[in-house]
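Colleague: This is the structure I want to talk about, given as structure tokens.
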Amino acid sequence: MTAKKRGVFIVLEGGEGSGKSTQTAMLADAVANLGRTPLTTREPGGSPRAEEIRKVILGDESAGLDAHTEALLFAAARADHAHQTILPALGRGDVVISDRYIDSSVAYQGVGRGLGVAQIQAMSDWATQGLVPDLTVVLDIQPEVGLARASDANRLEAEPLDFHRQVRQAFLDIAETDPQRYHVVPADRSPHEVHSDLWTCAAAVVAS
Ligand code: TYD
2 MTAKKRGVFI
12 VLEGGEGSGK
22 STQTAMLADA
32 VANLGRTPLT
42 TREPGGSPRA
52 EEIRKVILGD
62 ESAGLDAHTE
72 ALLFAAARAD
82 HAHQTILPAL
92 GRGDVVISDR
102 YIDSSVAYQG
112 VGRGLGVAQI
122 QAMSDWATQG
132 LVPDLTVVLD
142 IQPEVGLARA
152 SDANRLEAEP
162 LDFHRQVRQA
172 FLDIAETDPQ
182 RYHVVPADRS
192 PHEVHSDLWT
202 CAAAVVAS
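In structure tokens, the structure reads:
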């Protein structure tokens, strides 16, 4: 890692329609109210080059993209995002809030696409040179409910319900491996109720 880490890195994960973007914005406001500087970002994307890769991954021209190519493109976007956006912000002391990160690749590509949890985790760790969030909040929602709420259909979202059930379970399984660093928040509630739970665990990390 090139930049010395001084800031705080928080990630929101979850399936389609779990409200991550709404919660990212609400969390940023709460962080600012504490007197810290928030930086909201997202994956795939979060840096100019990674946003270009996002267009390739999610665009219509990628219909039928091989799963390995898809996983590598997500990892390439993430490498650029980590080095160009996240690490510099942490170096400045900001509170980085990312809508998705490595666990999305583990859940969607490792489990959903069946490429293997260990392989995707190792590739992602290599791509980010081991940059791990201080806190990851999984916004948990039944896929039936989330998919009905999701507005922008993309290639991944169009996968069958069973794919999304596996992705949901994968996020829950990941969260169980490290209860210190992961919190699961039920997301089938009002944005304010979800934010209140989320802030309960995030405030301590931000204030640290
Ligand atoms: P997006 O429109 O940002 O969806 P959402 O609002 O649900 O985050 O599209 C991102 C899609 O890419 C989403 O379906 C999840 C998927 N994805 C992966 O499959 N692997 C990954 O590593 C990441 C970051 C996202």
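The numbering of the sequence shown is our numbering, which starts it at 2 and goes up by one.
Just so you know, even glycine gets a beta-carbon here, dropped at the ideal spot from N, CA and C.
Keep in mind that this is a model prediction, so the values were computed, not measured.
Count the other C-beta atoms from every protein chain shown that fall within 10 angstroms of the C-beta of Pro-49, then say buried if there are 16 or more, exposed otherwise.
Modeller: By 1-based counting over the sequence shown, the position of residue 49 is 48. Exposed, by the Cβ-count rule.
Colleague: Could you spell out the range, first to last residue, of the alpha helix (DSSP H) harbouring Pro-89?
Modeller: Here the question's residue 89 lines up with position 88 in the sequence shown. It spans 88-93 - the alpha helix (DSSP H) in which Pro-89 sits, taken as one unbroken run.
Colleague: Please identify the residue among Glu-71, Ser-152, Asp-179 and Gly-111 whose C-alpha is closest to the C-alpha of Lys-21.
Modeller: Taking the sequence shown and counting its residues from 1, the one referred to as residue 21 is at position 20. Of the listed residues, the one whose Cα sits closest to Lys-21 is Ser-152.
Colleague: Which first and last residues belong to the beta strand (DSSP E) in which Glu-14 is found?
Modeller: Position 13 of the sequence shown holds residue 14. First-last of the beta strand (DSSP E) with Glu-14: 9-15.
Colleague: Note the first and the last residue of the continuous beta strand (DSSP E) segment covering Arg-43.
Modeller: The residue labelled residue 43 in the question sits at position 42 within the sequence shown. 39-43 is the extent of the beta strand (DSSP E) around Arg-43.
Colleague: Here's the rule I'm using: 16 or more other beta-carbon atoms within 10 Å means buried, otherwise exposed. How should Ser-209 be labelled?
Modeller: The residue labelled residue 209 in the question sits at position 208 within the sequence shown. By the 10 Å Cβ count, Ser-209 comes out exposed.
Colleague: Have a look at Arg-156, Arg-93 and Leu-162 and flag the residue whose alpha-carbon is nearest the alpha-carbon of Ala-149.
Modeller: Locating residue 149 in the sequence shown gives position 148, where the first residue counts as 1. The residue with the shortest Cα to Cα distance from Ala-149 is Leu-162.
Colleague: Could you check which residue in Leu-136, Ala-128 and Phe-75 has the C-alpha nearest to that of Asp-179?
Modeller: By 1-based counting over the sequence shown, the position of residue 179 is 178. Taking only the C-alpha atoms, the option nearest Asp-179 is Leu-136.
Colleague: With DSSP as the reference, label Pro-144 as helix, strand or coil.
Modeller: Mapped onto the sequence shown, residue 144 falls at position 143. DSSP places Pro-144 in helix when its eight states are reduced to three.
Colleague: Helix, strand or coil for Asp-100, going by three-state DSSP, please let me know.
Modeller: For this step, residue 100 is matched to residue 99 along the sequence shown. Asp-100: strand per DSSP, three-state reduction.
Colleague: Exposed or buried, which one is His-69 when buried takes at least 16 other CB atoms within 10 Å?
Modeller: As a working mapping, residue 69 is identified with position 68 in the sequence shown. Exposed is the call here.
Colleague: List in chain order: all unbroken alpha helix (DSSP H) runs of 4+ residues lying wholly within the region 158-195.
Modeller: DSSP runs (the alpha helix (DSSP H)) wholly in the region 158-195: 162-178.
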